[in-house]
Amino acid sequence: MCAGPRSCAPNPPYVSCLSRTANSLYSCGSPFLFCALAGLGTVIGIGLASYFLFSNIRLSILTTLLAAVLPYLVFFDRMALADSLLAMFLVWTFNFSYLSFIHRRLDLAMFAGFALGFAWLTKSPAIFAFFLLPLNFLFIPKYSAKNILISSFYFLVSVAIAFGMYNILRLGPEFHQIALRNADYVFPLAEILRHLLDPLLPHLKDSFLFFAYFLTPLGLLAAITGILAGGRSRWRTRLVLAAWWLGPVLVQSAIARAFTARYLLFTVPFAAILIGHALEHIGQRTQKHFLSMAAAGLIILPALAMDYLAVARPESLPLPRIERSGYLEDWTAGYGLRDVAQRLRQYAAAGPVLVGSEGFFGTPFNALQLYLNDVSNVRVIGVGVWIDSVHEKLKNSLADNQVFLVVNSTRLHADPDQIGLKLIVSYPKAYRPDGTREYLLFFQVLSK
């Protein structure tokens with residue numbers, strides 16, 4: 001979890017470990033350090049990729065600047081750590097693989113494999129890279145049997161390293177849960193074939209809205225223009241970038257049960273490079289690239305306005321309905337969780353604390369675990385999502401612990417006073433369109 005209104009679903013072990021390490025830096029005034037580093041790694045990777053592909057320092061600087069302010073990256077680097085890491089690792093996978101093909105360097109192919117391995121350990125959509133990396137064969141300087149064989153060997157080295165890293169997960173007893181969780185989000189092939197256009201068309205419409213909101217409308221137009229700009233010049237580069245951007249969008253639109261903007265975050269670096277290429281192409285028509293600067297300003301200024309709202313006033317940020325409900329309004333919104341964690345730290349100074357949390361993963365369960373990981377005498381347990389009484393585990397722990405309950409208002413189906421709960425504080429979330437709002441409730445469990 002990075003911060004703010006929403007916390008993330010369960011992360012891979014290495015992500016959780018690093019998140020907790022970052023969390024330990026809170027006392028140093030750096031609560032978002034790990035998220036910021038992931039975002040910075042993505043932006044640097046985008047800037048370098050644009051330079052490698054176009055050999056134009058001005059285009060690279062412009063692309064880096066755009067990537068640093070695009071709301072798509074700023075918002076989800078802050079709110080969705082696992083997806084942010086996936087984007088970072090994949091753009092570096094692309095960079096290292098591209099360089100290994102161009103310079104015929106085994107060490108770079110190995111670095112590509114390590115980056116891809118970390119991406120796959122982060123989230124399953126990294127599997128798209130296995131199908132997209134072969135497009136780098138288009139960049140081989142001289143086509144010959146020898147060069148193709150060498151490049152094939154480098155690609156296989158990258159794949160072998162990534163597979164080796166991913167299969168470390170088989171050492172865990174819950175490895176089978178990955179396939180089960182993936183099945184929750186993806187339609188089986190037989191079902192996809194029965195309705196090819198549903199959910200494809202609705203999800204493509206959603207994708208268009210996501211990019212229009214988070215790239216800005218002019219940014220989306222520039223990304224599309226970037227695919228076409230230049231005629232036959234650098235057509236291979238534009239084809240590869242278009243494939244990395246739109247290929248996963250099309251596939252996920254066809255197979256995904258659930259569909260949100262963060263699922264497409266790892267495609268945004270390649271859209272950003274296309275935006276930079278489009279602006280550079282436009283600027284070539286004027287002296288001193290005046291049109292490039294003007295067009296960039298028309299994208300950057302609205303982007304900065306959205307970035308400000310995302311950081312300072314998220315309730316006022318214009319978001320697609322599904323994103324606003326998830327991040328700001330519903331049970332998934334994490335308002336108040338950090339403050340609750342700070343209060344629990346204070347209670348823990350006086351003795352052992354047991355916290356009952358709604359649910360068993362995600363918000364608020366994993367968020368509280370993350371914030372309180374370094375407090376040895378605080379335990380967080382899940383008590384389900386339908387709360388109409390105090391869980392027996394909480395009641396039985398009253399003799400030796402201070403006992404609390406954290407629950408969202410829509411999950412509480414009883415009068416708190418009647419079941420032995422004392423409200424300490426409540427945290428309102430953003431208003432829904434119908435004027436109602438959810439609250440995060442922090443209770444102390446009393447002995448009767």
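Mapping to full-length UniProt numbering: the sequence shown position 92 is 92, numbers consecutive.
All residues carry an ideal CB built from backbone N, CA and C; glycine is no exception.
It should be emphasised that the depicted structure is a prediction, and the values quoted were computed from it without experimental measurement.
What runs of the alpha helix (DSSP H), each 4 residues or longer, lie entirely inside the stretch 246 to 295? For the stretch 246 to 295, whole alpha helix (DSSP H) runs of length 4 or above, ordered along the chain, are 268 to 283.
So, is W331 buried or exposed, given that buried needs 16 or more other C-beta atoms within 10 angstroms? Burial call: buried.
In this structure, does DSSP put residue 451 in helix, strand or coil? Here the chain covers residues 1 to 448 and nothing more, so residue 451 does not appear.
Taking the straight line between their C-alpha atoms, what separation do you get for A145 and S152? Roughly 10 Å between the two C-alpha positions.
Apart from the five residues on each side of it in sequence, which residues of its chain come closer than 7 Å, Cβ to Cβ, to S207? Within the same chain, S207 has close Cβ partners V249, S253 and L264.
Inter-residue CB distance, F266 and L86 (contact presumed, cutoff 8 Å): The beta-carbon separation of F266 and L86, rounded to 5 Å, stays under the 8 Å limit for a contact.
Quick one: Cα of N182 to Cα of W244, how far? Cα to Cα, the separation comes out at about 21 Å.
Could you check the C-alpha separation between Y26 and A341 for me, to the nearest Å? Below a pLDDT of 50, predicted positions are generally treated as unreliable, and Y26, at 49, falls in that range; the measurement from the model is reported next regardless. Cα to Cα, Y26 sits roughly 12 Å from A341.
Below 8 Å between beta carbons: does that hold for L116 and A49? No; because the gap between Cβ atoms is not below 8 Å, this pair is not in contact.
Given a cut-off of 8 Å on the beta-carbon distance, is the pair G164 and V91 in contact? Their beta carbons are not under 8 Å apart, which means G164 does not touch V91 by this criterion.
How big is the Cα-Cα spacing for G113 and D415? Approximately 55 Å, taken between the alpha carbons.
Quick check: is the beta carbon of L201 nearer than 8 Å to any beta carbon in chain D? Among the chains of the structure shown, chain D does not appear; only one protein chain is present.
Give me the Cα-Cα distance between K142 and L135, rounded to the nearest whole angstrom. Going by the C-alpha atoms only, they are around 15 Å apart.
S55, buried or exposed, once every other Cβ within 10 Å from all chains shown has been counted against 16: S55 comes out exposed.
Does DSSP put V43 in a helix, a strand or coil? For V43, the three-state secondary structure derived from DSSP is helix.
Using DSSP bridges, identify the partner residues of V353. Under DSSP, V353 forms a beta bridge with V378 and Q402.
Evaluate A349 with the Cβ neighbour count: other Cβ atoms within 10 Å of its Cβ, from every protein chain shown; 16 or more gives buried, anything less gives exposed. Exposed is the call here.
Same chain only: Cβ atoms within 6 Å of T436, ignoring 5 sequence neighbours per side: In the same chain as T436, and ignoring 5 residues on each side of it, no C-beta atom comes closer than 6 Å to its own.
Quick check: what's the CA-CA separation for R194 versus V186? Their Cα atoms are separated by approximately 14 Å.
If I measure Cβ to Cβ from N147 and keep anything under 7 Å in the same chain, skipping five residues before and after, which residues do I get? These residues qualify, in order along the chain: I140.
Would you please state the rounded distance, in angstroms, between the beta carbons of L394 and V403? I believe it to be under 8 Å. Contact flag correct, Cβ pair sits at about 5 Å.
Considering only the alpha carbon of each residue, which of T286, Y327, L156 and S397 lies closest to P352? The shortest Cα separation from P352 among T286, Y327, L156 and S397 belongs to S397.
Going by beta carbon distance, what residues of the same chain come within less than 8 Å of S124, once the five residues before and after it are set aside? When the five nearest sequence neighbours on each side are left out, the beta carbons in the same chain lying within less than 8 Å of the beta carbon of S124 are those of I178 and N182, in order along the chain.
Could you pull out every residue in the same chain whose Cβ sits closer than 6 Å to the Cβ of L53, ignoring the five residues on either side in sequence? In the same chain as L53, and ignoring 5 residues on each side of it, the C-beta atoms closer than 6 Å to its own belong to T237, in chain order.
Taking a contact to mean a Cβ-Cβ separation below 8 Å, would you say L421 touches L440 in this structure? Their beta carbons are not under 8 Å apart, which means L421 does not touch L440 by this criterion.
Beta-bridge partners of I387, as assigned by DSSP: Partner(s): L412.
For the alpha helix (DSSP H) that contains V74, what are its first and last residues? Per DSSP, the unbroken alpha helix (DSSP H) holding V74 starts and ends at P71 to M79.
Sheet register partners of F443 (DSSP bridge): Bridge partners of F443: L405 and L423.
T237 CB to nearest heavy atom of the ligand COA below 7 Å: Ligands are entirely absent from the displayed structure, and the ligand COA is therefore not among its contents.
Given this structure, state the Cα-to-Cα distance separating P320 from L372, to the nearest angstrom. The straight-line gap from Cα to Cα measures roughly 32 Å.
Bridge partners of P428, per DSSP? Answer is Y439, bridged to P428.
Start and end of the alpha helix (DSSP H) containing N136? First-last for N136: undefined, no H or E at that position.
Does the stretch 220 to 233 come close enough to the stretch 274 to 281 to have 3 or more Cβ pairs within less than 8 Å? Judged by Cβ distances under 8 Å, the stretch 220 to 233 makes contact with the stretch 274 to 281, as three or more pairs qualify.
Any contact between the stretch 64 to 73 and the stretch 98 to 105? By contact I mean 3 or more CB pairs, one from each, below 8 Å. The stretch 64 to 73, when compared against the stretch 98 to 105, does not touch it at the 8 Å Cβ threshold.
C-alpha distance - S325 paired with R432, whole-angstrom precision: Their Cα atoms are separated by approximately 7 Å.
If contacts are defined as beta-carbon pairs under 8 Å, then V383 and Q369 qualify, I think. What distance do you get, rounded to the angstrom? In fact, because the Cβ distance is near 14 Å, the residues do not count as touching under 8 Å.
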